[in-house]
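If you count the sequence shown from 1, position 132 lands on 132 in the UniProt record's numbering, and the numbers rise without skipping.
Glycine residues also receive a C-beta, built at the ideal position from the N, C-alpha and C atoms.
Below: the structure, in structure tokens.
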Amino acid sequence: MFTGIVQERGEVVALDLAPDGADARVTVRGPLVTQDVQHGESIAVSGVCLTVVASHEDTFTADVMAETLLRTSAKEWAPGRAVNLERSVTPTTRLGGHVVQGHVDGIGTIVARVPHDGYDEFSISVGKDLARYIASKGAVAVDGISLTVIDVNDSPTGAVFTLGIIPETRTATTLGGAAVGSSVNIEVDVMAKYVERLLSFRDVEKA
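Next up, the structure:
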């Protein structure tokens, strides 16, 4: 489990695809998160929870399953790409963001970025499969960053939601260099998914 508070902006060193292209192994540089990392620990890489299989000096290596390549921006990772890094929480960690699992639900697209005094306003488009979980003033993880939704505008094909990105977030994360048209990993609030699941069973029982 994570909090969505990025600890370090790292860099992809290598992405080695399997011969059939179904899965991959990624190596990431992150001097802070690798200081005492152990085999089998979890690190969120731009919101994707990965298990450390090896580490060396300031890098760690993890396997990336076919499902992860399909549903996230991991398929676009290449040497030199900046990524957000966060170690998993401990029982004494301050929960500064919200509960983030590192289980990406899908991909969004940055459709606008407007500078304001003290913050940048980002607009992100998602499909109908994710739109129903996005709520005004609710929580969402974008590339592993815990953020608060300002507003949501629905459409027949999905929704566009807005976020305010303060200077600290611009500096500490990959959103500082994100351009319009960029793909971002989206993880919706897990509570919304459980509520939907519980309500679906209520409807089945009534049928």
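Notebook entry, point to check: Whose C-beta lies closer than 8 Å to the C-beta of Q35 among residues of the same chain, with five residues either side of it excluded?
Noted result: none
Check: Going along the chain, which unbroken runs of the beta strand (DSSP E) with 3 or more residues stay wholly within the UniProt repeat "Lumazine-binding" (99 to 199)?
Finding: 106 to 116, 119 to 127, 139 to 142, 145 to 155, 158 to 165 and 183 to 188
Checklist line | Residues bridged to T59 [DSSP beta-bridge criterion] | finding: R29 and H56
Note to self: Quick check on D143: buried or exposed, where buried means 16 or more other Cβ atoms within 10 Å of its Cβ?
What the structure shows: buried
Note to self: According to DSSP, is S73 part of a helix, a strand, or is it coil?
What the structure shows: helix
Check: Can you tell which of E11, D58, P79 and N84 has its C-alpha closest to the C-alpha of A172?
Finding: N84
Check: In the DSSP assignment, what are the bridge partners of T51?
Finding: S42
Note to self: If distances are taken between C-alpha atoms only, which option among G97, V13 and R81 comes closest to Q7?
What the structure shows: G97
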